[in-house]
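J.:
Protein chains: 2
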Amino acid sequence: MMSLKYAKRMDNIKASEIRELLKLTQQPHIISFAGGMPAPESFPIEEFKKVNQEVLENNGALAMQYGPTEGYLPLREVIAKRMKKLQVDATAENVLVTSGSQQGLDFAAKIFINPGDIIVCESPTYLGAINAFKAYEPKFIEVSTDDHGMDMEELEEVLKSNDNVKFIYVIPDFQNPSGKTWSVERRKKLVELANKYNVAIIEDNPYGELRFEGEILPAIKHFDTEGRVAFLGTFSKILSPGLRLGWVVADKEFLSKFILVKQGADLQSSTISQVEVAKFLEIYDLDEHIQKIIELYRHRRNVMMEAIEKEFPKEVKYTYPEGGLFTWIVLPEYMNARELAARALEYNVAYVPGGSFFPNGGNENTARLNYSNMNDEKIREGIKALGKVIKEALRTN
Amino acid sequence: MMSLKYAKRMDNIKASEIRELLKLTQQPHIISFAGGMPAPESFPIEEFKKVNQEVLENNGALAMQYGPTEGYLPLREVIAKRMKKLQVDATAENVLVTSGSQQGLDFAAKIFINPGDIIVCESPTYLGAINAFKAYEPKFIEVSTDDHGMDMEELEEVLKSNDNVKFIYVIPDFQNPSGKTWSVERRKKLVELANKYNVAIIEDNPYGELRFEGEILPAIKHFDTEGRVAFLGTFSKILSPGLRLGWVVADKEFLSKFILVKQGADLQSSTISQVEVAKFLEIYDLDEHIQKIIELYRHRRNVMMEAIEKEFPKEVKYTYPEGGLFTWIVLPEYMNARELAARALEYNVAYVPGGSFFPNGGNENTARLNYSNMNDEKIREGIKALGKVIKEALRTN
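Sequence order for the protein chains is H and V. Residues in the first sequence are numbered consecutively from 394, following this note's numbering. Residues in the second sequence are numbered consecutively from 394, following this note's numbering.
1. Among the residues of its own chain, which have a CB less than 8 angstroms from the CB of M767 (chain H), if the five just before and after it don't count?
2. Does the separation of the CB atoms of L636 (chain H) and S666 (chain H) fall below 8 angstroms?
3. According to DSSP, G542 (chain H) sits in a beta bridge with which residue or residues?
4. To the nearest angstrom, how far is the alpha carbon of A612 (chain V) from that of R580 (chain V)?
5. Could you check which residue in H:Q480, H:F560, H:T491, H:S492 has the C-alpha nearest to that of I504 (chain H)?
6. Output, in sequence order along the chain, the residues in the stretch 690 to 720 of chain H whose CB is closer than 8 angstroms to any CB in chain V.
7. By the criterion of Cβ-Cβ separation under 9 angstroms, what are the contact partners of N507 (chain V) in chain C?
8. Around the Cβ of D404 (chain V), are there at least 16 other Cβ atoms within 10 angstroms (buried) or fewer (exposed)?
9. Would the stretch 502 to 516 of chain V count as touching the stretch 551 to 567 of chain V if we require 3 or more Cβ pairs under 8 angstroms?
10. Can you pull out the residues from the stretch 731 to 757 of chain V whose beta carbon lies closer than 7 angstroms to at least one beta carbon of chain H?
11. Alpha carbons only, please: which of V:S663, V:L632, V:R691 is nearest the one belonging to D678 (chain V)?
12. Pop quiz: L347 (chain V) and K655 (chain V) are said to be a contact at Cβ under 8 angstroms. What is the actual Cβ separation, rounded to whole angstroms?
13. Which runs of the alpha helix (DSSP H) fall wholly inside the stretch 450 to 476 of chain V and span at least 4 residues, in chain order?
14. Can you have a look at R365 (chain V) and say buried or exposed, based on whether 16 or more other CB atoms are within 10 angstroms of its CB?
15. List the residues of chain V whose Cβ lies closer than 9 angstroms to the Cβ of K559 (chain H), in chain order.
16. For R580 (chain H), name the three-state secondary structure that DSSP assigns.
17. Between E726 (chain H) and the rest of its own chain, which residues show a CB-CB distance below 6 angstroms, the 5 nearest in sequence each way excluded?
18. Taking the alpha-carbon of L674 (chain V) as reference, which of V:K398, V:S409, V:V448 has the nearest alpha-carbon?
19. Under 7 angstroms between beta-carbons, which chain V residues line up against L653 (chain H)? List them in chain order, please.
20. Does chain H have any CB closer than 8 angstroms to the CB of G657 (chain V)?
21. When you compare only the Cα positions, how much space is there between D597 (chain H) and K650 (chain H)?
22. For H682 (chain H) versus P433 (chain H), is the C-beta distance shorter than 8 angstroms?
23. Taking R604 (chain V) as part of the alpha helix (DSSP H), name the residues at either end of that continuous run.
24. What's the gap between the Cα of F567 (chain V) and the Cα of L660 (chain H)?
25. If you measure between the beta carbons of S492 (chain V) and P599 (chain V), is that distance less than 8 angstroms?
26. With distance defined between alpha-carbon atoms, name the residue in V:S663, V:R773, V:G747, V:N741 nearest to A456 (chain V).
27. Measuring alpha carbon to alpha carbon, tell me which residue in V:P570, V:D540, V:D510 is nearest A522 (chain V).
28. Bridge partners of R761 (chain V), per DSSP?
29. In this structure, does DSSP put T627 (chain V) in helix, strand or coil?
30. Among V:S576, V:F616, V:V622, whose alpha-carbon lies nearest the alpha-carbon of I594 (chain V)?
31. List, in chain order, every chain H residue whose beta-carbon is nearer than 8 angstroms to that of M457 (chain V).
32. Strictly below 9 angstroms CB to CB, what residues from chain V border L449 (chain H)?
33. Given that a residue counts as buried once 16 or more other Cβ atoms are within 10 Å of its Cβ, and exposed if not, what is R788 (chain H)?
34. Please confirm whether K532 (chain V) and I511 (chain V) have their CB atoms less than 8 angstroms apart.
35. With DSSP run on the structure shown, which of helix, strand or coil describes E515 (chain H)?
36. Kindly indicate if chain V contains any beta-carbon less than 8 angstroms away from that of M430 (chain H).
So, in structure tokens, the structure goes:
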């Protein structure tokens, strides 16, 4: 047969390196620092058994039926209330329930991007966002980041000299992949610049509540005075990713665009998952549950960082993350983390080469390491093997 | 503030009339023929209580974790097997699990449509598909249908004279909205024409198994010799729409495009829903369950059709559906079903005006009536009221 004639956008989309890697790393002998998977021992399985029985017993017909596109109202209400933790004022009317925050990323690009329009992002930025956005044929402009967030002078230069920037995409807390967190000053300044140059901000915040030390910072959305920030949240990292429930918080008019797009995309997110999560939030204390996750991940962060300090040569730089799931490794420039990944796999250790997190390429001397999904022993063993692989690659000139 | 600069496609998208109506019709005093909602008394609530406990007891960590984009393998396997009912040969490799078949519609357009490309569809066609497709800025060419499917001569004329047709979208069984079913000959002929003119076919089949009389017909996919048919199925009408689980069946290469797009759109569908449905299919007999739904809907179809025959004036034409959820009303040309809908609401009766099902407009003298979601008494009362509204609108010249 003649081959089917696909849309131009399909030339732009390739399989996610992470999701392909995940298939490989599901083999039990692999020590995987590759995914962003929560620790399964943190899942509230017993609680969900109880929640499910209550929901089906008392509310089964509603839970198994179609529901509104915006989401299940009691869940939207409690999501709105929980936003106070990040100092965001919201009501149910500001909340759309999505199928994971990934869907919010897809919708953001769908709402804003004509082919050739510009998305400004951190350098590096989340691979899953790059893949979602690429389907809408944007150009990416990466802005340098340091330990406090984006470089604001560089950002203003970009906004000043490009009039088709549609939005700035940022992950301000324990960024995926870099593990870094924006300062309060940069958050404020970002909103000022977005106001000045009339662009939107997509704030992706899957890890903000998973802070190991210090105070939770106000979300960028907290500083939004003109309704141009859309905040994306998710239950994936604080409850269960298998539920596929996330949310968008935005001002009503802005949110209405997300709702319109949601109707066409999949009508609504799972009613039964929504009713169950609402019931969970009613009868259990999610913050108490999150505290347990924090303790587990803080411990694993400690184990990984101690092992890195011990096993990696001094030529390697890395982030000491104050929360979230990842640390970020910068190798000497002459090293290629993709080549080393193949070597590491011979030791049954997997990670994601960092180059994938730069939409415009380069930076092949970087790597993302996840610590949430492996036990202490595997973390130590895996980092030791990685240290060996890196040391072998050192130029000893 | 200056207003945000949305993408051009957003001018194309408007709220689904059905989903907006649904909000209204959730009030208990409304007799709603408007939605396409399954009868809640058909939901296997007790069975799902058992299924959920088994899944969380024995497989909880897997069910609450991320899973592969393609879907949960045991579920894909059983979906592939069940396709035999429609005479489609498939293995798990041909199956992608989606978030309802609505997501398959969105993906079809995302895969194929550059702005201005043509989608050929039945006239009328499914409103939810029109809305999903419109986000990708296609042109629609509607092809006339009779009681046996699309007019094949008219279709060939369209394909011959337009070289940017990307796919033909059809709902061959108990079509939404018309309630009509394609003959076997037309199904064969459709594939022949798609082969000849090198276009894809998107076969949307949410109701095929809900046949009240006669034999289930082979799917259009059954006649696919060149891998150009993508079949969309769903558990919404045979199990529960609240689960949001559907599927795409296609040849491997074609399916790989859907999988790529799924990664960006929402990573994967709910793991827990997938594991639960797979368990349901393992310990219960879905075909037995479907038989109960068929008996319920056949009865309601009978009640509605008898009431229509009794209450509607002879000037009204309608489909006698052999399955599915809908009948279709053609009023005298001078009537406007949108205006009558407002009148009907005064009697607390709702339906969807048919004009919404024609992507290029017109045909305002038509209406879709759903019979799956109301009991006998309400169906009789609602049709009686509608009959009254229509009779009042008759010109008695």
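Just so it is clear, CB atoms sit at the ideal spot from N, CA and C, and this is done for glycine as well.
T.: In short:
1. I424, S425, F426, R693, G775
2. yes
3. H:D539
4. 8 angstroms
5. H:F560 is the residue among H:Q480, H:F560, H:T491, H:S492 whose C-alpha sits nearest the C-alpha of I504 (chain H).
6. none
7. Going by chain labels, chain C is absent from the structure shown, which instead holds the protein chains H and V.
8. exposed
9. yes
10. none
11. V:L632
12. A question about residue 347 (chain V) goes unanswered here, because the residues of chain V that appear run from 394 up to 790.
13. 466 to 475
14. Residue coverage of chain V in this structure runs from 394 to 790, which leaves residue 365 (chain V) outside it and unanswerable.
15. By Cβ distance, chain V contributes L397, K398, Y399, A400.
16. helix
17. N758
18. V:V448
19. I406, A408
20. Among the residues facing chain H, G657 (chain V) is included, as its CB has a counterpart in that chain under 8 angstroms away.
21. Roughly 17 angstroms separates the two Cα atoms.
22. no
23. Taken as a continuous stretch (DSSP letters only), R604 (chain V) belongs to no alpha helix (DSSP H), as it is neither H nor E.
24. 21 angstroms
25. The Cβ atoms of S492 (chain V) and P599 (chain V) lie no closer than 8 angstroms to each other.
26. V:S663
27. V:P570
28. V:W721, V:V745
29. strand
30. V:V622
31. P433, F436, I438, F441, S633, P634, G635, L636
32. Ordered by position in chain V, the residues that pass the 9 angstroms Cβ test against L449 (chain H) are I438, E439, F441, K442, N445.
33. exposed
34. Between K532 (chain V) and I511 (chain V), the CB-CB gap stays under 8 angstroms.
35. strand
36. yes
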